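Here's the structure, in structure tokens; my notes come after.
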Amino acid sequence: MTALTLERLRREGQAFSEEISREGYLAHAGHQPTADLQPIYDRHSAILGEGALDFTLDLFRSSAAASEERRSARYLLEWQIETQAARDVVTLDEREVAWESAAVIDVAGTRRIPYQRASIEIANTRHRAERLAIDDARALTAEADHAPLRLERVQREKGYIEELEIATTYIETFEAVTGISLPGLGAQCADFIATTQAMWDDTLPYFLRRTLHITPGEATRADALALFRGKEFDAAFPAGDLEPSIRRNAAELGIDPFAGGRITFDLAEREGKDSRAFCAPVRVPEEVYLVLRPHGGVTDYTTLLHELGHALHFAYADPHYPFEYRWLGDNSVTEGYAMLFDHLMQDRRWLLRYTGLGKNNMGEFVRLAAFEELHFLRRYCAKLLYELDVYGGRTTWEALPDLYVETLSTATGFRYRSADAFIDLDPRFYSSRYLRAWQLQSILAHSLVSRFDEDWFRNPAAGPWIVENLLAEGQRETATELALRASGAELSFDPLVRAIERGLTA
Ligand SMILES: [Zn+2]
């Protein structure tokens, strides 16, 4: 066997990542029923064993702090830990993909719908009793079959990472290899929830009454899906205009949304396709898939913009950068670009230009969008706080579902279900990436406005600048570094609170 070198780790790491990503794309887009992951791990076992981990750990520990070598080694080490832990649970992941694509729920003995379509059906159902019945059926199936798979995955992954003994605990290991302070971010989250409490209490009853004709005490998470589906605005967001309007926006911005053929849009309805949209970078930057299963209306516009941000980020990464700067790094950055684009759905000028919303219903729409932003931020803040409990080890596994319901329901005002305690959980604190991305997005938008004016999104000089100065960097920088470079600012929730306040009073 050839000895491991940095060059070989990069080359085979990239080949492995491409195969995993392609398999995931095919399965989650519904092109094949299962994901055959195990053989891919086996083929690349030379870079996925103890030797590779020790080699990477050594690269990390022997590199000078704040050097380019340290940066590169940090990303490779994080990837090694993540991938080796994933390898340990690969059979569980395969079972989950196969189960999800085949599972069917039985709604009160009257009709059967695929498990994966449940969230779409719940969001689109106008009749509340029907909506709650679908969610009851979904929760029963989730509790019986999905939750145990996920719980086992969470437990095994936690145990595996702790046994690596890179740091004392799961949380400390995450912090050691990412440089992200979780207690620091957790404190910001608790503060955000407290700071926005009065604003939340003032607005929640209004939106519940106006759209769903219910009071805060009754509201469930299923109602939240229906509320934010925004069906009353469907006429302004026709399915047929979705792709053309986003293409027109990209053209006016001076960016090719297909990146010269490197990006493929997969927007068709297909059985077996995940209801959760995703972007699959199969080769970076040469081959990127943007996958969306249509929900209808405003949701699809927001989602397409989000995934387009990811797709552009991958497809315009500098091809000369090493594997770790194109594929790895701080995912707060790619989520930040995704959110930079999806936040256009909160911008009056953008909405007037690219959607069917007119001046008459604009105020109502922008207020709902601000309310939704507040809801999702409070939800993600609560999620991170809950996940800190999951991995903190002070709460027993048995007590976590109740803690989940309590934490999420209190922060959002919508009643959550214990069945989702381990399903609605992002492994390896991915929620921290989303939260940092939210913060980064507001800094990036601010920097674009100061360079290209309020309507930067239709300034033909802005697109090429974004590609050259931001997207081409791939994920070499962390979100913290990028925020500093883009506008000398530190990541914080403060600008988001101000933007929400502006939106709610629009
Ligand atoms: Zn995303």
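602 is the number of the first residue of the sequence shown in our numbering; add one for each residue after it.
Every residue gets a Cβ at the ideal spot worked out from N, C-alpha and C, and that includes glycine.
Here the structure is a predicted model, which means the values were calculated and not measured.
Item                                                                                                                                                                      : Value
Hey, would you say the C-beta of His632 is under 7 Å away from at least one heavy atom of ligand 1?                                                                       : no
Pull every residue with its beta-carbon under 6 Å away from any heavy atom of ligand 2, and keep them in chain order.                                                     : Of the ligands one can find in the structure shown, namely ligand 1, none is ligand 2.
Using a Cβ-Cβ cut-off of 7 Å (strictly less than) and excluding sequence neighbours within five positions of Glu753, which residues of its own chain qualify?             : Leu693
What residue range does the alpha helix (DSSP H) around Thr796 cover?                                                                                                     : Leu783 to Thr796
Can you check DSSP and say which residues form a bridge with Asp889?                                                                                                      : Correcting the residue identity first, residue 889 is Val in this sequence and not Asp. Its beta-bridge partners are Ile864 and Pro882.
What is the DSSP secondary structure of Pro640, counted as helix, strand or coil?                                                                                         : helix
Do you know offhand how far His907's Cα is from Leu985's?                                                                                                                 : 21 Å
Within the continuous beta strand (DSSP E) that includes Ile714, where are the two ends?                                                                                  : Arg712 to Pro715
Given Thr796, which residues of its chain have a CB within under 7 Å of its CB, disregarding the five upstream and five downstream residues?                              : Val1098
How many Å lie between Ser618 and Met800 at the Cα?                                                                                                                       : 44 Å
Report the residue ranges of all alpha helix (DSSP H) runs contained in full by the stretch 984 to 1021; include only those spanning at least 4 residues, in chain order. : 1001 to 1013
I need the straight-line Cα distance from Leu989 to Ile648, nearest angstrom please.                                                                                      : 31 Å
If we require 4 or more residues per run, which alpha helix (DSSP H) segments fall completely within the stretch 937 to 981?                                              : 949 to 955
Can you list, in chain order, the residues of its chain with a C-beta nearer than 6 Å to that of Pro895? Leave out the 5 residues immediately preceding and following it. : Glu870 and Asp901
What three-state label does DSSP hand Asp737 in the structure shown?                                                                                                      : helix
Fully enclosed by the stretch 791 to 855, which alpha helix (DSSP H) runs are 4 residues long or longer?                                                                  : 798 to 808, 822 to 830 and 840 to 854
For His814, count the other beta carbons within 10 Å of its own beta carbon; 16 or more makes it buried, fewer makes it exposed. Which is it?                             : exposed
With burial defined as no fewer than 16 other Cβ atoms inside 10 Å of the residue's Cβ, what is the status of Gly910: buried or exposed?                                  : buried
Measuring alpha carbon to alpha carbon, tell me which of Ala699, Gly652 and Thr774 ends up nearest Gly873.                                                                : Ala699
Could you tell me whether the Cβ atoms of His944 and Ala851 are closer together than 8 Å?                                                                                 : no
For Leu958, which option in Ala836, Leu1105, Arg732 and Ala724 has the closest C-alpha, if you only look at C-alpha atoms?                                                : Ala836
Can you tell me whether Asn932 is buried or exposed, with buried defined as 16 or more other CB within 10 angstroms of its CB?                                            : buried
I'd like to know whether the C-beta atoms of Gln615 and Leu654 end up nearer to each other than 8 Å.                                                                      : no
At what residue ranges does the stretch 893 to 917 contain a whole run of the alpha helix (DSSP H), taking only runs of 4 or more?                                        : 898 to 916
For Asp707, write down the residues that DSSP places opposite it in a beta bridge.                                                                                        : Arg713
DSSP three-state call for Phe1094: helix, strand or coil?                                                                                                                 : coil
Compare the C-beta of Leu941 against all C-beta atoms of chain D and say whether one is closer than 8 Å.                                                                  : No chain D is part of this structure, which consists of one protein chain only.
Do you know how far the Cα of Ala674 is from the Cα of Gln1108?                                                                                                           : Absent from the structure is residue 1108, since the part of the chain shown begins at 602 and ends at 1107.
What runs of the alpha helix (DSSP H), each 4 residues or longer, lie entirely inside the stretch 1027 to 1084?                                                           : 1031 to 1053 and 1063 to 1070
Ala666 by DSSP, collapsed to three states: which one?                                                                                                                     : coil
Buried or exposed: Tyr807, going by 16 or more other Cβ atoms within 10 Å of its Cβ?                                                                                      : exposed
Thinking Ser1033 and Ala1087 are a contact (beta carbons under 8 Å), I'd like their distance in whole angstroms, please.                                                  : Going by Cβ atoms, the distance from Ser1033 to Ala1087 rounds to 20 Å, so no, they are not a contact pair.
Residues in its own chain within less than 7 Å of Leu826 by CB, not counting five upstream and five downstream?                                                           : Ser720, Ile723 and Ala724
Closest to Ala820 by C-alpha separation, out of Asp736, Pro1002, Ile706 and Arg644, would be which residue?                                                               : Asp736
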